[in-house]
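The opening residue of the sequence shown carries number 137 in my numbering; numbering runs sequentially from there. Quick reminder that beta carbons are idealized off the backbone N, C-alpha and C, glycines included. The structure displayed is predicted, hence computed values, not measured ones. Report on the following structure.
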Amino acid sequence: MLLSLLKILFFFAVVLALALGAVQLSETGQVLRLEYGGMEYALSPLKALAALFVLMIAAWVIFKLVGLLIAVLRFLVGDETAINRHFARSRERKGYAAFGEGMLAVASGEGKLAQDKAARAAKYLNQPHLTNLLAAQAAETSGDTRRAIDIYRTLLDDDRTRFVGIRGLMRQKLAEGDTHKALLLAQKAYALKPRHKEVQDTLLDLQTREHDWKGARRTLKDKRTQGDLPKDVALRRDAVLALQEASDVLAKGNSISAREAAISAAKASPDLIPAAVLAARSYVAQKDYRNASRILEKTWSVRPHPDVAAAYAEIVPDESSAARLARFDRLISQNRDHEESRLLKAELLLAAEDFPGARRALGDLAEKHPTVRTLSIMAAIERGEGADDSVVRGWLTRALSASRGPQWCCDTCHNVMHAWAPVCDSCGGFDTLTWKEPDGPRSGATTPTGAEMLPLLVGSPKPAEPDLADAPDLSSPVQPHPPGPAPRRMEQPKVAPGMVPRESDYVAYDHPSSTVTTPEPVRDAAPAPQPAVAAPEAPVPDLTGPVTDPMPQPEHSEPALEPKPEPVNEPVMVRPDVEPADEADWTEGRTRP
Numbered sequence: 137m138l139l140s141l142l143k144i145l146f147f148f149a150v151v152l153a154l155a156l157g158a159v160q161l162s163e164t165g166q167v168l169r170l171e172y173g174g175m176e177y178a179l180s181p182l183k184a185l186a187a188l189f190v191l192m193i194a195a196w197v198i199f200k201l202v203g204l205l206i207a208v209l210r211f212l213v214g215d216e217t218a219i220n221r222h223f224a225r226s227r228e229r230k231g232y233a234a235f236g237e238g239m240l241a242v243a244s245g246e247g248k249l250a251q252d253k254a255a256r257a258a259k260y261l262n263q264p265h266l267t268n269l270l271a272a273q274a275a276e277t278s279g280d281t282r283r284a285i286d287i288y289r290t291l292l293d294d295d296r297t298r299f300v301g302i303r304g305l306m307r308q309k310l311a312e313g314d315t316h317k318a319l320l321l322a323q324k325a326y327a328l329k330p331r332h333k334e335v336q337d338t339l340l341d342l343q344t345r346e347h348d349w350k351g352a353r354r355t356l357k358d359k360r361t362q363g364d365l366p367k368d369v370a371l372r373r374d375a376v377l378a379l380q381e382a383s384d385v386l387a388k389g390n391s392i393s394a395r396e397a398a399i400s401a402a403k404a405s406p407d408l409i410p411a412a413v414l415a416a417r418s419y420v421a422q423k424d425y426r427n428a429s430r431i432l433e434k435t436w437s438v439r440p441h442p443d444v445a446a447a448y449a450e451i452v453p454d455e456s457s458a459a460r461l462a463r464f465d466r467l468i469s470q471n472r473d474h475e476e477s478r479l480l481k482a483e484l485l486l487a488a489e490d491f492p493g494a495r496r497a498l499g500d501l502a503e504k505h506p507t508v509r510t511l512s513i514m515a516a517i518e519r520g521e522g523a524d525d526s527v528v529r530g531w532l533t534r535a536l537s538a539s540r541g542p543q544w545c546c547d548t549c550h551n552v553m554h555a556w557a558p559v560c561d562s563c564g565g566f567d568t569l570t571w572k573e574p575d576g577p578r579s580g581a582t583t584p585t586g587a588e589m590l591p592l593l594v595g596s597p598k599p600a601e602p603d604l605a606d607a608p609d610l611s612s613p614v615q616p617h618p619p620g621p622a623p624r625r626m627e628q629p630k631v632a633p634g635m636v637p638r639e640s641d642y643v644a645y646d647h648p649s650s651t652v653t654t655p656e657p658v659r660d661a662a663p664a665p666q667p668a669v670a671a672p673e674a675p676v677p678d679l680t681g682p683v684t685d686p687m688p689q690p691e692h693s694e695p696a697l698e699p700k701p702e703p704v705n706e707p708v709m710v711r712p713d714v715e716p717a718d719e720a721d722w723t724e725g726r727t728r729p
């Protein structure tokens, strides 16, 4: 406000001074006298001012004419002039227009058009750091990787484009699968621009792929310092890297450094199960059983896992079942309601042969969440309590087609791995494995048709024993029923026991179409007649063809008694409703030695 007032007052002061000066000049009687060439010129003050203004304009025009003359002379000599600048501006307009069209072509994926526009821009523009970059991107879009690599190498000579050239070469090596050279280029790019997020992520990913755990921890620390990662995520990933670094150090024989790295990883991330197990085993190696138990109990309270229980058992490996059950109660009490705790207690009670206690500890897990482990425990409980084999077989049959339970699954590609690793084998993701039950089809099924075929593989339950009071008397041969089918013609060799019969030794006789079993020997004085059994070496005759040497016998007559063969271990069941096999072809065209 005050400044505006001062400006207004200053403007009025200037106007007033000019007005007073003009009045003073008009009232004065003095004139300006000029004499030139014998003539005298008298000028009033106003005329003198007008003449001074005209003189200034004339001088400006003279200077411009002189400048134009000099420009014409320089043009004739060959120097840069306004005409050259005019044509240069025209070329720049054309070059920038081609450059803009080339950028649009790259963005739209038109590689051939982008290359043409890049060549046109390089023709009109004298800025290689721009045109080369456009040419490299155009070559990448069109798939000409060789030309793109050559252009990126030319960008390395200019300080303004060195980072762009290194980044472009790094991307080309990643596309080719050369992770080692890509890692070296990423390190150079990271040295030029440490705050570049894409280079940071690429470098960290390549370091984990190449198992450069120490370098990966440095990169992760820089990302955390710059605020690019949350604190909890950074601590978790640093614990994973520390665990892998400890594993490599332990493989080289430096157990002290490995123990320290594993302990720091377990403290930084208690839910990292492999770190807790490695730290506990390091404590056990130093006979520090108290700290080993403490770190495993802390991990069990956060995330129970079978590996934690196995490491807890290694603390006292030679204890009895009862002592182990009492010691493990402290571990189980850290997270008693968890499913893994219930399964662990059931297994410990099974080892102590407390089968009712194991059933109580397992509860209804076999019904609510049937897995291979829970169903196998139920089968062991049933076996320990003396249940029938069919009941045990039923639980095992269900276990064959049940889910395997929690496993190490990748959160990105859902790959299932048998052991934990910092990097997924399928997608290469870092710290993406989680202990959970995989989605999709159950991995426990062994047949494509499911559990319908399992009873055929493991057997079905035994049928109930028949009532022996209603069983028929099989001490004598079973006679055929009158309405049954007609008797069939059968052949029996008439040779001494142990001899191999020939074709001419077979005797044909009629046999009823009924089931005949080999009866047990009767305790009477006279043994019941039984059909003779052919020797094991005898071939199976052909009963479907015509009989060559028939011996007619009366209908429903008993077969002739033959010498009793040597006893066999089990009774032979004869099923007349099944057609006998065709005659073996080993006797065709051969003579008996």
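Per DSSP, Q543 is one residue of the beta strand (DSSP E) stretching across 543 to 546.
The C-alpha of S512 is placed about 14 Å away from the C-alpha of A497. S526 sits away from N471, with the two beta carbons spaced by 7 Å or more. Per DSSP, the continuous beta strand (DSSP E) segment holding T570 begins and ends at 569 to 572. The continuous stretches of beta strand (DSSP E) do not include E312, which lies in the alpha helix (DSSP H) extending over residues 298 to 312. Per DSSP, the unbroken beta strand (DSSP E) holding A178 starts and ends at 175 to 179.
Looking only at H474, I206, V376, the smallest Cα-Cα distance to K350 is reached by V376. In the DSSP assignment, R519 falls within the unbroken alpha helix (DSSP H) covering 508 to 520.
Contact between Q543 and P506 is ruled out by a C-beta separation of about 16 Å, above the 8 Å threshold.
DSSP, reduced to helix, strand and coil, places L212 within a helical segment of the structure shown. Judged by DSSP secondary structure, E171 falls within the beta strand (DSSP E) whose first and last residues are 168 to 172. In the structure shown, V528 falls within a helical segment according to DSSP collapsed to helix, strand and coil. Closest in C-alpha terms to S383, from the list R372, A398, G174, comes A398. With fewer than 16 neighbouring CB atoms inside 10 Å of its own CB, K248 falls in the exposed class.
Around the beta-carbon of E163, fewer than 16 other beta-carbon atoms lie within 10 Å, marking it exposed. When rounded, the separation of the alpha-carbon atoms in S457 and V413 is 22 Å.
Excluding its 5 nearest sequence neighbours in each direction, R169 has C-beta neighbours in its own chain below 8 Å: E176, Y177, A178, L179, listed in chain order. Between the alpha carbons of L138 and L145 lies a distance of about 11 Å.
Across the set E503, V552, M514, the C-alpha of M514 shows the shortest separation from the C-alpha of F491. The closest CA to that of G564, considering only H347, A401, Y288, is found on H347. Here F148 is exposed. Its C-beta has fewer than 16 other C-beta atoms within 10 Å.
For H316, the enclosing alpha helix (DSSP H) has its first and last residue at 315 to 328. By the Cβ rule, the segment 224 to 240 counts as touching the segment 248 to 267, because three or more pairs are nearer than 8 Å. Around the CB of C560, 16 or more other CB atoms lie within 10 Å, so the residue is classed as buried. Closest option to D295, judged by alpha-carbon separation, among A274, H316, L321, H265: H265.
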